[in-house]
Amino acid sequence: MNAANLEVGREIREAIDGVIGRGWYVLGQEVEAFENEFAAHVGAKYCVGVGNGLDALSLALRAHGIGRGDEVIVPTNTFIATWLAVSHLGAIPVPVEPDPSSMNIDPLAVEAAITPRTRAICPVHLYGLPADIPSIEAIAGPRGIAVIEDAAQAHGASLGGASVGSLGNTATWSFYPGKNLGAMGDGGAVTTDDVEVANSLRSLRNYGSSQKYVHEVPGVNSRLDELQAAVLRVKLRRLSTGNRRRREIANQYVEEMSALDVVLPRVVSGVDSSWHLFVVRSKERDSLQEALKRREVASLIHYPIPPHLQGAYAEEFRRGQFPIAEQLSSEVLSLPIGPHLRPIEAKRVVHAMREACSRTTDLPTT
Ligand SMILES: *Cc1c(COP(=O)(O)O)cnc(C)c1O
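Under the numbering used here, residues 44 to 409 are what the sequence shown spells out, in order.
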C-alpha cells in the first residue's frame, strides 16, 4: 500500500470512529455536512442524500411530479437503472438512440420522441462524458418538460467549465463503490436548484415525513447513512486528484493508441469527461478482449445487453428496434483506468493493445 492509500485509510478510520463515538447512524450531522459539501462541489443549491443511485433517479422523478402513465425519455444505451427508475413509478420509459460518435443521447432524436405525454428526459453522462444538456434543455424548457440528469458516472465532469449537476435543474448521483466518488457500500444523492424538489425529496426518502410520525405522502426508506456520509466526505476531498490521474491516463491512451484499428473516445475541448470508463470500439471486440486477456490485461463490457433486450423488458421491446444500441453493445470494450492505475500498468495496456490490434487486423506493429 502506498503512502496516499495509508493516509486515506487513516482518515476514513478516524471519520468512522467519530460516527461510532456519537452513536447516531441515520440522518445526522455527517449526512448534512456531506450534503452541503457535495452541493458546493457540484455548484447546486441543494443536495439530498439517498440510499443508492437507482432511488436517486426514481425519487427525483417523483419529486418532479412524474408518475403513472407519464412518458420519460431515456437513452437506449445505458445501465438498466435509468429505465427501471421510470418503470418502478408506473411511468413509461421512451428509449432514444445515442449519437454514435459521443455515445450520449442524441438531442435531435430526443426532440422527435416527444409526445403530449412526455413529462421528463433523463440524459445519462455515459462513461463520464457530459451529455449535451444545453441542447436538451433548449428542447425541454419551453415545453415544460423536466430534465433530470443521470450523473452516476460523472462526478467531477464538466461542460464549458460548468460542472455536471450545475447545467440542468436536477441531477442524480450514485456512490456505489466502483464510481469515481464511491462509498464503502451503497449510497446516492440528488442535487437540485429547486427548493420544492429538495423539500419533497427530504420527505420522500424518509417515509414521506417531514415531522416525526406525520406522513404527508407515501414515501420510502432510502437514506444515505452516517457512516457512508463520513466516508464520502473524506473521499470527496480526493475526487479532483483522482479524476486528474484518470484524465492523464486517458490522454496517454488516446495519444498512444491513435494508430490502432479501434474507435477511441473523442476528446473535445470544453467537454471534460470524468473518465469513469475508457471505452474503445471494435468490430472484432470479442477477439480483441481474448487477445488482451492472454496478455493479462483485464477489460470489461459496459454493457453487453442493452435494456430493451433484457428479460425485464421482454414484453415491451424486441431485437432490431434500437440498432445503434445493439451495435454498440457488440463493439464496446472498457480498458483499465482509475486513479490507482500505475504508469507501468498503463504502459502495459498500451503495449497489449498494440499487439492485440496488429494480431486481429494484420496491421504492422508500431
Ligand atoms: C451505477 C449507475 C446507476 C445506479 O446506481 P446504484 O447506486 O448502483 O443504484 C444508475 N445509472 C447509471 C448510469 C449508473 O452507472
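We put the CB at the ideal spot given by N, CA and C, even for glycine.
Range of the contiguous alpha helix (DSSP H) that encloses Ala241:
Its alpha helix (DSSP H) spans residues Val238 to Leu247.
Nearest-angstrom Cα separation, counted from Phe81 out to Glu57
One C-alpha to the other measures close to 20 Å.
Between Ala272 and chain C, is there a C-beta pair that is closer than 8 Å?
Among the chains in the structure shown there is no chain C, since it carries only a single protein chain.
Starting from the N-terminal end, write out each residue whose C-beta falls within a distance shorter than 6 Å of any non-hydrogen atom of ligand 1.
Asn95, Gly96, Leu97, Thr121, Phe122, Ala124, Thr125, Val167, Asp193, Ala195, Gln196, Ser217, Tyr219, Asp229 and Gly231
Which same chain residues, not among the five before or five after Ala152, have their C-beta less than 6 Å away from its C-beta?
Val139 and Glu140
Please list, in chain order, all residues of the same chain as Ala189 whose beta carbon is under 6 Å from its beta carbon, the five residues on each side excluded.
His107 and Ala163
Hey, which unbroken runs of the beta strand (DSSP E) at 3 residues or more fall wholly within the region 248-321?
none
Report yes if the CB atom of Ser27 is closer than 8 Å to the CB atom of Pro350, and no otherwise.
Residue numbering for the chain in the displayed model covers 44 to 409; residue 27 lies beyond these limits and cannot be assessed.
State the beta-bridge partners of Tyr89 as determined by DSSP.
Checking the DSSP bridge columns, you'll see Tyr89 partnered with Thr235.
Apart from the five residues on each side of it in sequence, which residues of its chain come closer than 8 Å, Cβ to Cβ, to His297?
Reading the sequence as shown, one finds Val at residue 297 and not His. Within the same chain, Val297 has close Cβ partners Leu307, Pro308 and Val310.
List the DSSP bridge partners of Asp193.
Answer is Val167 and Thr215, bridged to Asp193.
Three-way DSSP call (helix, strand, coil) for Ser373 in this model:
helix
Taking its Cβ as the centre, do 16 or more other Cβ atoms sit within 10 Å of Gly203, making it buried, or is it exposed?
exposed
Going by DSSP in three states, Glu73 sits in which element: helix, strand or coil?
helix
Can you give the beta carbon distance from Leu224 to His198, rounded, assuming they're within the 8 Å contact cut?
Contact between Leu224 and His198 holds, since their C-beta atoms are separated by about 4 Å, short of 8 Å.
Can you tell me the Cα-Cα spacing of Asn48 and Ala194, whole angstroms?
For Asn48 and Ala194, the distance between alpha carbons rounds to 26 Å.
Exposed or buried, Ser342, counting other C-beta atoms within 10 Å across all chains shown (16 or more means buried)?
buried
With three or more C-beta pairs closer than 8 Å as the rule, is the region 316-329 touching the region 375-382?
yes
I'd like the ranges of any beta strand (DSSP E) spanning at least 3 consecutive residues and lying wholly in the region 108-184.
114-118, 135-139 and 161-164
C-alpha gap between Lys390 and Ala293, whole angstroms
About 12 Å.
What is the DSSP secondary structure of Leu384, counted as helix, strand or coil?
coil
If you pair each beta-carbon of the region 58-77 with each one of the region 201-218, do three or more pairs fall below 8 Å?
These segments do not touch.
Does the distance from the C-beta atom of Trp216 to that of Ala355 stay below 8 Å?
no
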